[in-house]
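Chains as they are written, first to last, in my numbering: chain A, 1 to 81; chain B, 1001 to 1328.
The next block holds one structure in the form of structure tokens; read it before the comments.
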């Protein structure tokens, strides 16, 4: 089970301090409002895979729009695994 | 990279090599070019060219063969040095290009904004050559197009640190220049020839495959796009210019389909296979070529021909996404 904190740590690491100051990170935050490039989003998703030893359905991962979607996807796979 | 950084990178990668070529011409004029410079140019041209052709294109984008991890890293790093973009992004654009070649959605078709007349044609060619790179809004969704590349940690690392690899592509020939001549001037001209001048020539050859290769040349197969075989570009593009053959059989490790169609990249892959370093090399025999040729002929060919685009890799059944069952 991962939490929004795990995810926001990962995002901060990826953005290396370039995260807009006024942005609120919660489950409704959309990936595109964080200013992440497509490469950075993929980096986050596939780092999650690596760190938790799971494999997402790539089509579902590509459909994820909010951090909540991404959390749900990860936890769903973690529960099954 | 965000949109602005991307734009800056593209602008620099278009202009700096051009200035480099101008500087090199001035040096040539003053006979300040040594054999070391030309050797360094050739070495770097081959490294970057094979990186793009054998590495990015055939190994990563089309999975034409498999190889060992060190070689996969080597070819990808060499491709990154060429400066055409991070492997993940390059592969995503390229797979999308094949999916809808010369139709709406193709990232670099010379027919993307069809306007009549010579001006329209030149505009289209420019767009396919370099213009498309300046499109800030263009994104090919790597998660959908290349989950296989993204799952590879090495590929993600190279993609993330891409700019460092491009920089290495200029520093390395400088180091070679110093090693060959022992002078700082030699290091400078080495970086100039092996870095900037090489960047200019190698990349314009690749761009030409996208522009000229969809415009002028012979069509052996009536593929549902405008791809052409451009013989005079074949040698220096390491075989990439047999572009109609390639659109006909994208997964084929060899883009040359006849003995006289020189394809250096295919020779390299064949050589690696003999050494046991490449496996699952995909080949299309003559019979299969003929069969497909007949089938396409019936559909008429060209960009207006009916075609059913493949699904992006992420949406295909699991077996197809990891195996080599999808020969095309």
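Every residue gets a Cβ at the ideal spot worked out from N, C-alpha and C, and that includes glycine.
(request) Let me know the secondary structure DSSP gives residue 66(A) once reduced to three states. (result) Here the question's residue 66(A) lines up with position 66 in the first chain. If DSSP states are grouped into helix, strand and coil, residue 66(A) belongs with the strands.
(request) Identify the contact partners of residue 1107(B) in chain A, using a Cβ-Cβ distance below 7 Å as the criterion. (result) The residue you call residue 1107(B) lines up with position 107 of the second chain. Those do not exist, as residue 1107(B) stays about 13 Å from chain A at its closest Cβ, beyond 7 Å.
(request) Would you kindly check if the distance between the Cβ of residue 1055(B) and the Cβ of residue 1076(B) is under 9 Å? (result) The residue labelled residue 1076(B) in the question sits at position 76 within the second chain. The residue labelled residue 1055(B) in the question sits at position 55 within the second chain. Their beta carbons are under 9 Å apart, which means residue 1076(B) touches residue 1055(B) by this criterion.
(message) Using 8 Å for Cβ pairs, my map puts residue 1169(B) next to residue 1178(B). What's the rounded Cβ distance?
(response) Here residue 1169(B) corresponds to residue number 169 of the second chain, with the count starting at 1. Here residue 1178(B) corresponds to residue number 178 of the second chain, with the count starting at 1. Their Cβ separation, rounded to whole angstroms, is 16 Å, which puts residue 1169(B) and residue 1178(B) out of contact at 8 Å.
(message) Strictly by DSSP, which residues pair up with residue 1218(B)?
(response) Here the question's residue 1218(B) lines up with position 218 in the second chain. Paired residues: 1229(B).
(message) Mapping the DSSP letters down to three states, classify residue 1151(B) as helix, strand or coil.
(response) Within the second chain, the letter at position 151 stands for residue 1151(B). Correct three-state label for residue 1151(B): coil.
(message) Taking CB distances under 9 Å as the criterion, tell me whether residue 1208(B) reaches chain A.
(response) The count along the second chain starts at 1 and reaches residue 1208(B) at position 208. It does not; no Cβ of chain A falls within 9 Å.
(message) Using the Cβ count rule (16 or more neighbours within 10 Å means buried), how would you classify residue 1209(B)?
(response) Along the second chain, read from residue 1 onward, the residue named residue 1209(B) stands at position 209. With 16 or more other Cβ atoms within 10 Å, it is buried.
(request) Compute the beta-carbon to beta-carbon distance between residue 1087(B) and residue 1080(B), rounded to the nearest angstrom, for a pair I have assumed lies under 8 Å. (result) Within the second chain, residue 1087(B) is the residue found at index 87, counting from 1. Within the second chain, residue 1080(B) is the residue found at index 80, counting from 1. Correct: roughly 7 Å between the Cβ atoms.
(request) Check the Cβ of residue 1089(B) against every Cβ in chain A and list those closer than 7 Å, keeping chain order. (result) Here the question's residue 1089(B) lines up with position 89 in the second chain. Chain A residues near residue 1089(B): 39.
(request) Please check if any C-beta of chain A sits within less than 9 Å of the C-beta of residue 1150(B). (result) Here residue 1150(B) is taken as the residue at index 150 of the second chain, counted from 1. Yes - at least one Cβ of chain A is within 9 Å of the one on residue 1150(B).
(request) Kindly say whether residue 42(A), judged by its beta-carbon, lies nearer than 9 Å to any beta-carbon of chain B. (result) Working through the first chain from its first residue, we reach residue 42(A) at position 42. Yes, because at least one Cβ of chain B sits closer than 9 Å to the Cβ of residue 42(A).
(request) Count the C-beta pairs between the region 1216-1223 of chain B and the region 1289-1302 of chain B that are closer than 8 Å, then say yes if the count reaches three, no if not. (result) yes
(request) Measure from the C-beta of residue 58(A) to each C-beta in chain B and report whether the shortest distance is under 9 Å. (result) Reading the first chain from its first residue, position 58 is the one you call residue 58(A). Interface residue, yes.
(message) Counting only C-beta atoms, is residue 61(A) closer than 9 Å to chain B at any point?
(response) Along the first chain, one-based indexing puts residue 61(A) at 61. Closer than 9 Å to some Cβ of chain B, the Cβ of residue 61(A) qualifies, so yes.
(request) Return the Cβ separation of residue 1083(B) and residue 1139(B) in integer angstroms, given the expectation that the two are a contact with Cβ distance under 8 Å. (result) If you number the second chain from 1, residue 1083(B) lands on position 83. If you number the second chain from 1, residue 1139(B) lands on position 139. Between residue 1139(B) and residue 1083(B) the Cβ distance is about 19 Å, and since that is not below 8 Å, they are no contact.
(message) Just checking: is the beta-carbon of residue 51(A) within a distance shorter than 9 Å of some beta-carbon in chain B?
(response) Numbered from its first residue, the first chain carries residue 51(A) at position 51. False, the Cβ-Cβ gap to chain B never drops below 9 Å.
(request) Determine the extent of the alpha helix (DSSP H) in which residue 1171(B) is found, giving its start and end residues. (result) Taking the second chain and counting its residues from 1, the one referred to as residue 1171(B) is at position 171. Looking at the DSSP string, the run of the alpha helix (DSSP H) that includes residue 1171(B) is 1162-1181.
(message) For chain B, check one thing: does any of its Cβ atoms lie closer than 9 Å to the Cβ of residue 45(A)?
(response) On the first chain, residue 45(A) is found 45 positions in, with the first residue counted as 1. Closer than 9 Å to some Cβ of chain B, the Cβ of residue 45(A) qualifies, so yes.
(request) List the endpoints of the continuous alpha helix (DSSP H) containing residue 1052(B). (result) As a position in the second chain, residue 1052(B) is number 52, starting the count at 1. No alpha helix (DSSP H) contains residue 1052(B), which DSSP labels as neither H nor E.
(message) Would residue 1163(B) and residue 1041(B) qualify as a contact pair, given that the criterion is a beta-carbon distance under 9 Å?
(response) The residue you call residue 1163(B) lines up with position 163 of the second chain. The residue you call residue 1041(B) lines up with position 41 of the second chain. The answer is no: Cβ separation not under 9 Å.
(request) For residue 1322(B), name the three-state secondary structure that DSSP assigns. (result) To locate residue 1322(B), count along the second chain from 1; it is residue 322. Reliability of the predicted coordinates at residue 1322(B) is poor, the pLDDT of 43 falling under 50, and no value is obtained from them.
(request) For residue 33(A), decide whether its Cβ has a neighbour in chain B, counting only Cβ atoms nearer than 9 Å. (result) Reading the first chain from its first residue, position 33 is the one you call residue 33(A). No, no contact with chain B.
(request) Return the first residue and the last residue of the alpha helix (DSSP H) that residue 1(A) is part of. (result) Mapped onto the first chain, residue 1(A) falls at position 1. Note, residue 1(A): premise wrong, no alpha helix (DSSP H); not H, not E.
(request) Quickly, what does DSSP pair residue 1278(B) with across the bridge? List them, please. (result) The residue you call residue 1278(B) lines up with position 278 of the second chain. Note: residue 1278(B) sits in a beta bridge opposite 1067(B).
(request) Below 6 Å CB to CB, which residues in the same chain sit around residue 1215(B) once its five sequence neighbours on both sides are set aside? (result) In the second chain, residue 1215(B) corresponds to position 215, counting from 1. Counting only Cβ-Cβ distances below 6 Å, and skipping sequence neighbours, we find 1110.
(request) Find the nearest neighbour of residue 1051(B) within the set 1202(B), 1005(B) and 1304(B), judged by alpha-carbon distance. (result) For this step, residue 1051(B) is matched to residue 51 along the second chain. The candidate whose alpha carbon is nearest that of residue 1051(B) is 1202(B).
(request) Output yes or no for whether 9 Å exceeds the beta carbon distance between residue 1239(B) and residue 1266(B). (result) Residue mapping note: residue 1239(B) aligns to position 239 of the second chain, counting from 1. Residue mapping note: residue 1266(B) aligns to position 266 of the second chain, counting from 1. Yes, the pair counts as a contact, with Cβ atoms nearer than the cut-off.
(message) Cβ closer than 8 Å: which chain A residues qualify as neighbours of residue 1143(B)?
(response) Taking the first residue of the second chain as 1, we reach residue 1143(B) at position 143. Residues of chain A passing the Cβ test: 38, 41, 42, 45, 58, 61 and 62.
(request) Spatial neighbours of residue 1187(B) within its chain, please: CB distance less than 8 Å, with the 5 preceding and 5 following residues excluded, ordered by chain position. (result) Here the question's residue 1187(B) lines up with position 187 in the second chain. If we look at residue 1187(B) and ignore the five residues flanking it on each side, its Cβ neighbours are 1174, 1175, 1177, 1178 and 1181.
(message) Could you give the first and the last residue of the continuous alpha helix (DSSP H) run that contains residue 41(A)?
(response) Position 41 of the first chain, counted from the first residue, corresponds to residue 41(A). Unbroken alpha helix (DSSP H) run through residue 41(A): 38-52.
(request) Note down the Cα distance separating residue 1006(B) from residue 1298(B), rounded to an integer number of angstroms. (result) Translated into the one-based positions of the second chain, residue 1006(B) becomes position 6. Translated into the one-based positions of the second chain, residue 1298(B) becomes position 298. Using only the alpha carbons, I get a separation of about 43 Å.
(message) At the level of alpha carbons, what is the spacing between residue 1228(B) and residue 1245(B)?
(response) In the second chain, residue 1228(B) corresponds to position 228, counting from 1. In the second chain, residue 1245(B) corresponds to position 245, counting from 1. Going from the Cα of residue 1228(B) to the Cα of residue 1245(B) covers about 8 Å.
(message) Rounded to whole angstroms, what is the Cα-Cα separation between residue 1270(B) and residue 1062(B)?
(response) By 1-based counting over the second chain, the position of residue 1270(B) is 270. By 1-based counting over the second chain, the position of residue 1062(B) is 62. Residue 1270(B) and residue 1062(B): Cα-Cα distance of roughly 16 Å.
(message) So, does the region 1130-1145 of chain B touch the region 1091-1099 of chain B, judging by three or more C-beta pairs under 8 Å?
(response) yes
(message) According to DSSP, residue 30(A) sits in a beta bridge with which residue or residues?
(response) On the first chain, position 30 is the one that residue 30(A) refers to. Note: residue 30(A) sits in a beta bridge opposite 66(A).
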